[in-house]
Structure formats: structure tokens, C-alpha cells
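What follows is one structure encoded as C-alpha cells, with my remarks underneath.
Number of protein chains: 4
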Amino acid sequence: MGTLQRKVRERRARRQAIQAAAVQVFGDKGYSRATMEDVARQAELSVGTIYLYYRSKEELYVSLLFESMQRFREGIEKIMATGLSPDRQLKRVWDYFYAYHLRYPQSYRVLLFLQQPGLPAGLSPKTLQEINVRAARNFSLVSRIVAAAMAKGIYRSHEPREVVDLLWSLFLGLVHPAETRQNLGITISTLRDLHRKAFRWLEDGLRVK
Amino acid sequence: MGTLQRKVRERRARRQAIQAAAVQVFGDKGYSRATMEDVARQAELSVGTIYLYYRSKEELYVSLLFESMQRFREGIEKIMATGLSPDRQLKRVWDYFYAYHLRYPQSYRVLLFLQQPGLPAGLSPKTLQEINVRAARNFSLVSRIVAAAMAKGIYRSHEPREVVDLLWSLFLGLVHPAETRQNLGITISTLRDLHRKAFRWLEDGLRVK
Amino acid sequence: MGTLQRKVRERRARRQAIQAAAVQVFGDKGYSRATMEDVARQAELSVGTIYLYYRSKEELYVSLLFESMQRFREGIEKIMATGLSPDRQLKRVWDYFYAYHLRYPQSYRVLLFLQQPGLPAGLSPKTLQEINVRAARNFSLVSRIVAAAMAKGIYRSHEPREVVDLLWSLFLGLVHPAETRQNLGITISTLRDLHRKAFRWLEDGLRVK
Amino acid sequence: MGTLQRKVRERRARRQAIQAAAVQVFGDKGYSRATMEDVARQAELSVGTIYLYYRSKEELYVSLLFESMQRFREGIEKIMATGLSPDRQLKRVWDYFYAYHLRYPQSYRVLLFLQQPGLPAGLSPKTLQEINVRAARNFSLVSRIVAAAMAKGIYRSHEPREVVDLLWSLFLGLVHPAETRQNLGITISTLRDLHRKAFRWLEDGLRVK
DNA sequence: TATGAATGAGTGTTCATTCAT
DNA sequence: GATGAATGAACACTCATTCAT
Chain S
0 MGTLQRKVRE RRARRQAIQA AAVQVFGDKG YSRATMEDVA RQAELSVGTI
50 YLYYRSKEEL YVSLLFESMQ RFREGIEKIM ATGLSPDRQL KRVWDYFYAY
100 HLRYPQSYRV LLFLQQPGLP AGLSPKTLQE INVRAARNFS LVSRIVAAAM
150 AKGIYRSHEP REVVDLLWSL FLGLVHPAET RQNLGITIST LRDLHRKAFR
200 WLEDGLRVK
Chain P
0 MGTLQRKVRE RRARRQAIQA AAVQVFGDKG YSRATMEDVA RQAELSVGTI
50 YLYYRSKEEL YVSLLFESMQ RFREGIEKIM ATGLSPDRQL KRVWDYFYAY
100 HLRYPQSYRV LLFLQQPGLP AGLSPKTLQE INVRAARNFS LVSRIVAAAM
150 AKGIYRSHEP REVVDLLWSL FLGLVHPAET RQNLGITIST LRDLHRKAFR
200 WLEDGLRVK
Chain D
0 MGTLQRKVRE RRARRQAIQA AAVQVFGDKG YSRATMEDVA RQAELSVGTI
50 YLYYRSKEEL YVSLLFESMQ RFREGIEKIM ATGLSPDRQL KRVWDYFYAY
100 HLRYPQSYRV LLFLQQPGLP AGLSPKTLQE INVRAARNFS LVSRIVAAAM
150 AKGIYRSHEP REVVDLLWSL FLGLVHPAET RQNLGITIST LRDLHRKAFR
200 WLEDGLRVK
Chain L
0 MGTLQRKVRE RRARRQAIQA AAVQVFGDKG YSRATMEDVA RQAELSVGTI
50 YLYYRSKEEL YVSLLFESMQ RFREGIEKIM ATGLSPDRQL KRVWDYFYAY
100 HLRYPQSYRV LLFLQQPGLP AGLSPKTLQE INVRAARNFS LVSRIVAAAM
150 AKGIYRSHEP REVVDLLWSL FLGLVHPAET RQNLGITIST LRDLHRKAFR
200 WLEDGLRVK
């Protein structure tokens, strides 16, 4: 006994090793241009083995997506557990977005695939539903911080979910062009600056003065 | 007489018909998943015919990109020609972004492909350079509006280009999640609202009070 | 009246113009890599027009072949009409081969296509038969010169046709490697020398001493 | 144990099976008209599998070429190792040419593709260079035999390389028309005879009398 | 008669997925 | 479980041939 547990543990470890490899490859080449062969090579496994753990390329991708979302979620929860004031928590979340993108650029990129037009055509409705639910979960987590700030009279009253949408929008929007310009061969050093200013501006509009 | 002119006119018309079809297909399926066969079917032409007008799939895509950029540019120029005060011009540009995305959603999506990781690997350096130049041209157009507003003391002094980056970021960010959620099968009706509020907030931070 | 004659004359002229263009193109690129578009461009005509004069790419190629053979034939006949002694005539023919290949390299190359494996697959039996007959005609012309030299006791007695085969073989063999090396990027200047020596050697074996 | 070795052995066997199929197909249809599908069908494999062993059609063709050259080389080396007198060695080489062409007609034909005009356009400079080097290697091997015969006073003094060129030329020339006539649907039985006579003639011119 | 735009079958090549070992 | 050789359906692109003008 305990054998089963070991089996499960090993299986999970394998899956994570494959995911780690896949994040690199998908992040580098994009979903379409990445091949299962690439992933296998990166993971130092054979193609066949990948298929023992993931039914298809798509499923592998989706698992990465869930992984990223999960990591985000955990980061936010940790911030919420600090007991800081809501506005400082929000600032931390904002910074966490930035740090995440910097620390796990490939993982961040995986999130972006969702925005590719035509992607849903390849994903099953059930999968889409699941993605949806998980995304909503993360959003509502941040919403709770914003709502708290409003309840405490730190921020003016708004629909908290709208504020979160805006924040996330701004963040995506800030990073995207930076990525694009990287695509175009230009590096941008002012992203960090821009990122800070953007928050200050936006939060300024929120605060009760 | 006039035969040559007719030829030229017809050729241009054909190219536009192909572009129209391509925008649909690329917009729906994305660059990688779209096939030349798809485009041909949509245009009610044969594959070979497409290649009479565009040398490659890439060239076809790039032509769409340039078309979009050009249209953006013209929209902005028209606004600048109105002689309105710079801050009202900026508001109009902001609204124009929104209207454009609403009116030509597929064309707008074409712009987004640039942000796909791994895309540049498929484009020639020369093409990337050209894209770059054209993008910069559009950005500097809006920058001039912002700079004018600062010169007139309407806005506080900032680096105009940074402000434009921020605006564009916010816009992209606002639309992206909306698109994503559309991907996920949810329609969002509050985008218009959010779009208006976002501008008010951001501009508020800019204005000299 | 006379109109018909003019028509015929013009048609022949067109055909020749097309042939001239085709020889260039086929000679440069080889049969497979040459396109009808290439030929049309070279002839400053439209593709459609070519098809008014030749039913297919193959037929065009065959017409070039016949043209080359005819030219060879005429050259040999001219030499035979000089009334020179048969051995001097043979020397002249040998030199003519060389001169022809130098003067009309493209036309010469067209002759070589016959040796491409797989070519017959594309040619109709009737065409093959016709090519055959014409080739034989040229060979027998030279055979008559050799036979005359034997009859006059200048050369030892052999099967004349075999001798001609050998001569032609040697010639082809001499030029081919030169072409090959040109293919490989090396130019050979000694071909002319080799060509002269080869004849002297071979003829030496033929002469009654 | 031995697994790796078996793998290597099997891989080599597969490659050879594909080569065998390719020689048939290329020999029959020529380089351009042969398709990878043809090769796959002949090898009783799928197209994809061919590409597991050869990167491209060109590489497959070049491998056949090198194979042929190598086989030629080995044949010549075996003759040189006999210790026979140089003139008898040369006779053997000459016979070997003939035997080779008879035994491996398709393989022989593969060598001829090099002479197709326009072929080099499809081959990379690096490949051409390599072909060049290997061809030269084979030629210089035979040159050494001829040079030895001259050194021993059996043959008159000439540039050995020129003599070899001539021999090879003659051989090619002899076989080509035979091939051509086969193309044209005629079989020739006198080739063997012609082949013998041609050598006698040529060598006669070489010998010190 | 001349045009050249349109066609569509065909080509080399890639890659997600399967399966015998 | 693990492997990686094999598969075959796609895909981008070409080009001989046709036909409306």
C-alpha cells in the first residue's frame, strides 16, 4: 500500500514536467507554430508519452491555461490574506500583475491565446464553459477588494466588477503594445514607469477626495 | 480607349473583393487557422486566382493590416481637420476607436494578430520594419493632438507619446476582454459604457484643474 | 487572292517567333522548369496566343526538336554538296557539330532532352515514331559520307552506321561533361582542343595505313 | 542490450529501401516528373515516412547520386587493387562502366540528371560543391591508372586527365544514344559490340607502337 | 486573331495522432 | 508505462490549359 499514492504522485509530477516544457514552447512559438515534437524534446520525453498524459494538443494547452489562472488566483488570495487596507491590497494586486508577467512571461502569453480570434472553434463548449467559470472566479476575487474599499469609503461608489474590468483592461493594454513592439523588434524600457503612472491616474479617479 | 483604365479599375476591384473575403476569414479563424482555400471560397474564386493578386498568404495578411492602419489614419486626419479644440479632438479619436471596432470588427481583429507570440517569425524583417513605420506614423498623429492640448494649457505637461500609449493601451485592453468573453460565448453590452467612463477617468487625470 | 498566302506567311512567322523564344527558355531552364508564361513573356505575346499556334507545351517542345534536327540536316547537306573528298567532308561534319553547339547552345540543349529518362512517358507513340524517323534520316546522311570514304579505300571497311554512332557518341560525350561541369560551376576551356584530338584519334583508327 | 545497434541497423535498412524505391522512380520518370508520392508508393510506405529519413526531395536525389558515385569508386578501387598492368586495369574499368550501366541502369540514369540543363537551379551551391568534389575524386582515380601506363611506357605521354575525360565522354556518348533510342522505343543489341570496338580504337591511338 | 484572367488538379512538405514493440 | 516510427490528412503554392471579351 502507498503504491497507489506513489503512482498518483509520479503521474502528477510527470504532468507538471510536461506543462513546464509546454509553457516554454507555446510561449515562444505560439499555439499554432508549436509542435508536439517541440514539447516532447523540451520535456526530454517522447511524443507518445505526452499523449499518455494529455489527450490532445488542445487539452495540453487548456491545462496550461488553468495552471496560469490558478497561479493568479493564489497570488491574489495571498494578498487578500495580508489584512492590509483594501486600497493597498489593490495596489499590490496591480503590482502582482506586473510581476507575474515579468516573472512568467511565457505563462502570461499563454493567457493571451484566449484572445486569438478563431480559437473557440477548436475548443469544446464544455471547455469554454470551464474557462469561463474560472476566469469569473478570479475576477470576482479582485472585485471583493474593490467592493471593500468602497464599503470603507476609500473609493467612490461604482459597480466593482466594472472597475476590475477596467483595471485588467488597462493592464492587458499596457503590456500588449509592449509585446507587440517586441514583436516588431523594439524593446521598451518605460513599461514599468507607464504601469505605475497608469495606476495612479486611474486610482485617483476612484478615490474620494 | 479607356481599356487600360478599365483594366486597372477591375484589378483594384478584384483586390478589394479578395481583401474583403480575407478580412472575414482571417477575422473569424485567425491567421494560422485560416486557409487560402477558405479565402478563395469566401471570395467565390479559385485558389489560383488569389495568387494572381497576392504573392503569398503573408502578403495578403499584410495588405489587410496596412488597409486597417490606413483607415485608422484617415479617420484621425479627418478629426484633426475639423478645427475643434484639441481635447474635443481627442475625445473624438477615442470615440472613433470604438466606432471602428464596432463597424469593422474583423478588420480590428486583424490588427490584433500582431500581438500573437511567434507571429513575427513568419514575417520578413523588411515587412516588420514597414509595419513599424506605419504604426509609428499613426501614433505620432494622435500625439500631436495631445501635445496641442498641453501647449494650450488644457492638459498638464507630460510626454505626449506616453499619454497616447496609455490611451491606446486602455482601448485595446477594454476591447480585448470583451472579445475574449465573446470567444467564451458571453456577449457584453456594457462595453460602450465602460469605454466612455474609462476616457472620462483618464482624461480627468490629465486636465489642469 | 494572295491573302491566303499572306496569312500562311504570317502564321509561319509567328510560329518561328514563338520557337525562338521557346528555345531560349527551354534551353535555360530545362523542360520541366520552364513555364508557358516564361515563353510568352520572352516572345512578347500572351499565353493564350501561344496556344493558338501550339496545342500544348509538349507539342511546342517537339517542334523545337524538329527544328534543331532540320537545321542539323541542312548543315550536313550543305557539306555534302561541296564535292570535297569524303574524309574532309567527315571532318567538316565533325567541326559542324562543334560549331553548332557553340552557336546555338540552347538549341543543342533541346536535343538533349530526348535523353531525359521519363520523357517518353509524356510523348505520344506517334510523336516518338516521327522523332525516330527524322533522327534516322540525319544519321543515314552522315553514314553515306563514311560509306563513300570506305568505297574509295580511304577508310577500312566497317559498318558505316556503327562508325557514325561512335562519332556522335563521342561528340555527345565530349560536350556533356563540359555542360555538366558548367552545371557544377566550372568552365572548361579545353573543350575545343579535346574535340580536335578526339577526332584525330578516332579517324586514325579508321584510316587505311 | 544491442537495442541501439538494432535501431541503427533498421534505420539504415529503411534508408536503403527508400533509396531502392527512389532509384526506380527517378530512373523511370526523371527528377521532375517523379513525385514523392510515387516514391512512397514504390517503397510501400506513406509520404510522411519518407520525410523521416530524407529532409527533401532534393536530399533524396542527392543521396542516390552519392550512392552511385560511391559504388563507382569502389568498383574502380577494387580493380586498382588487383595489381594487374595499368593497361589491363584500364580495360577493366572500361568494362566496369559497361557492366555497371547494365546492372544498375536506373542508378546510372541518376548520374545523368546532372546533365539536365536547369537542374543546378534546384540544388544548393553547397550541394553542387560537394558533388563536384566527389566527381573529381573518381576521375583522379582513373587518371592514376592512365598515368601509370604512361610512366611504364605503355601509353604515349599525354595529360592523363584529358584521356580520362575522353574515355568517359565516349562512354557517356555511347550509352546515351542507346538510351535515347530506348526512349524512342527501339532496343539496340549492338551496344556491347560498339563498346568493345570503341575502346580498342581509342586505346590504339594511345599505345606506343 | 489576340488577350490574360481564371481555373483546379497536382506538388513538396508538415504535423497531430496512433500503435506495435 | 514508455517509445518513436508510421501515418495521412492538410496546407501553401504552381502552372498548363481554357475561354469570355
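Residue numbers (numbering that gives the first Met the number 0), protein chains in the order written: chain S, 0 to 208; chain P, 0 to 208; chain D, 0 to 208; chain L, 0 to 208.
Where is the CB? At the ideal position from N, CA and C, for every residue including glycine.
Nearest residue (CA-CA) to residue i, options the options
i       : options                           : result
A134(P) : V61(P), Q18(P), E43(P)            : V61(P)
L44(P)  : A19(P), G29(P), L63(P)            : A19(P)
Y97(L)  : A148(L), Q15(L), R191(L)          : R191(L)
W93(D)  : L111(D), G26(D), Y30(D), L165(D)  : L165(D)
Y95(P)  : R206(P), D203(P), H194(P)         : H194(P)
M68(S)  : R5(S), L113(S), G29(S)            : L113(S)
T126(L) : V24(L), T2(L), F65(L), Y30(L)     : F65(L)
D175(L) : Y30(L), L111(L), I130(L)          : It should be noted that the sequence gives His, not Asp, for residue 175(L). Residue L111(L) is the option with its Cα nearest to H175(L).
V24(S)  : L59(S), K6(S), G204(S)            : L59(S)
R206(S) : K90(S), I130(S), E129(S), H100(S) : K90(S)
H100(L) : G26(L), R10(L), T2(L)             : G26(L)
Under 8 angstroms between C-beta atoms of residue i and residue j
i       : j       : result
V217(P) : Q105(P) : Past the boundaries of the shown model lies residue 217(P); chain P is included only from 0 to 208, so the question cannot be answered.
L201(P) : L173(P) : no
L63(S)  : V132(S) : no
I49(P)  : M35(P)  : yes
G204(P) : G82(S)  : no
S31(S)  : S123(P) : no
Nearest-angstrom beta carbon gap, residue j and residue i [assumed within contact, 8 angstroms]
i       : j       : result
E161(D) : T189(L) : 7 angstroms
- Is the stretch 134-148 of chain L in contact with the stretch 133-148 of chain D, if contact means three or more CB pairs nearer than 8 angstroms? Not touching, per the Cβ criterion.
- Item | Sufficient close CB pairs (3 or more, under 8 angstroms) joining the stretch 89-108 of chain D to the stretch 33-44 of chain D | The stretch 89-108 of chain D vs the stretch 33-44 of chain D: no contact.
- Query: How do the stretch 47-57 of chain S and the stretch 74-87 of chain S stand: do at least 3 beta-carbon pairs fall below 8 angstroms, yes or no?
  - Reply: no
- Task: Would you check if there are 3 or more beta carbon pairs closer than 8 angstroms linking the stretch 189-203 of chain S to the stretch 155-170 of chain S?
- Result: yes
- Where in the stretch 125-191 of chain P do unbroken runs of the alpha helix (DSSP H), each at least 4 residues long, occur, reported from the N-terminal end onward? Within the stretch 125-191 of chain P, the complete alpha helix (DSSP H) runs of at least 4 residues fall at 159-182.
- Using 8 angstroms as the threshold, is the stretch 77-88 of chain S in touch with the stretch 151-162 of chain S, meaning 3 or more CB pairs across them? yes
- Task: Identify every run of the alpha helix (DSSP H) within the stretch 24-103 of chain L, keeping only runs that are complete inside it and at least 4 residues long; order them along the chain.
- Result: 35-42, 46-52, 56-79, 85-102
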